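Under this note's numbering, the final residue of the sequence shown carries the number 409; numbering is consecutive throughout.
Ideal Cβ placement from N, Cα and C applies to all residues, glycine included.
Model, not experiment: these values are computed from the prediction.
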Amino acid sequence: ILVQELNVNPDWLDTGRGEMFNAQPDFTAFMRRTDNTIPLQSVPLYSIEGTAGLVPLFADNASNKPINYIHIPNLPKCDGAIYVAGDSMYPLLKSGDIVLYKEIHDVANEIFWGEMYLLGIDMSGEEYVTVKYIQKSEIPGCVKLVSQNKHHQDKDIELSKIKALALVKASIRINSMN
C-alpha cells in the first residue's frame, strides 16, 4: 500500500537507504497512452498450475498466494501476472514469458476487438488457458481467436465458453544464457 498509494521507494522500505519517496516519473514517453499508469505497483505473480487454471485464480484471488511480486514503474493497473505456456503468440510471446493482466468481469460487453487477452476457455469440461487476439466473428454468439504464430489457425468459439478473461497489459521476456 505504501509503495502503490504513497509512492514510497521499496528499497528505502527494505534497507533504509536512498530516498523515502520515488522521484516523480517522467511521463513524456507515455504521452500517447490511453490508459492511466501507476508510478510503481506490486503485481502478484501467480502459478496457474497451483490454482488449476484462471477460473479458480480469478474467482478467489484473495486466497491464492502469489509465488512472487513484480515491480515495474509506470504500468497501467494490473491485477496479476502469469507465465505463458505454448507458442501460439510466437514471436511476440514465447513460452516462459510473463504476461501482466487486468481482469475483465463482463465478458460479453467489455471486449476491445483486436486486443490481446488471456483466456480460460471451457473445452469439454476442462479449462484451456491461452493468450490470443480476440476479433469479431461472422458466426453469431461467437468470437474469433487469432494467434500471432501463423502455424496456428484462427478459431471461432462461443462467447459462453469463455469462463475467465483478462486484457494483457504488458509482457516480460527474460533472455539468459544458461
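Any idea if residue i is buried or exposed, counting beta-carbon neighbours within 10 angstroms, 16 or more meaning buried?
i           : result
residue 354 : exposed
residue 326 : exposed
residue 250 : exposed
May I ask which residues mark the beginning and end of the beta strand (DSSP E) holding residue i?
i           : result
residue 328 : Looking at the DSSP string, residue 328 is not in any beta strand (DSSP E), and its letter there is neither H nor E.
residue 287 : Per DSSP, residue 287 belongs to no beta strand (DSSP E); it is in the alpha helix (DSSP H), 285 to 290.
residue 402 : 393 to 403
If the criterion is Cβ atoms closer than 7 Å, does the pair residue i and residue j meet it?
i           : j           : result
residue 396 : residue 338 : yes
residue 297 : residue 322 : no
residue 385 : residue 377 : yes
Give every residue of the same chain whose Cβ lies closer than 8 Å to the Cβ of residue i, excluding the five residues on either side of it in the sequence, and list them in chain order.
i           : result
residue 351 : 284, 285, 286, 289, 358, 359, 360, 393, 394, 395, 396
residue 342 : 335, 348, 365, 374, 396
residue 320 : 347, 362, 363, 378, 379, 380
To which residues of the same chain is residue i closer than 6 Å at the C-beta, ignoring the five residues directly before and after it?
i           : result
residue 334 : 289, 310, 397
residue 307 : 266, 268, 400
residue 347 : 364, 399
residue 301 : 274, 276, 312
Following the continuous alpha helix (DSSP H) through residue i, name the residue where it begins and the one where it ends.
i           : result
residue 244 : 241 to 246
Assuming residue i contacts residue j under a Cβ cut-off of 8 Å, what Cβ separation, rounded to an integer in Å, is found between them?
i           : j           : result
residue 318 : residue 403 : That belief does not hold up - the Cβ atoms of residue 318 and residue 403 are roughly 17 Å apart, past 8 Å.
Sorted by chain position, which residues of the same chain lie with C-beta nearer than 7 Å to residue i's C-beta, five sequence neighbours on each side aside?
i           : result
residue 243 : 249, 250, 251
residue 279 : 285, 288, 313, 360
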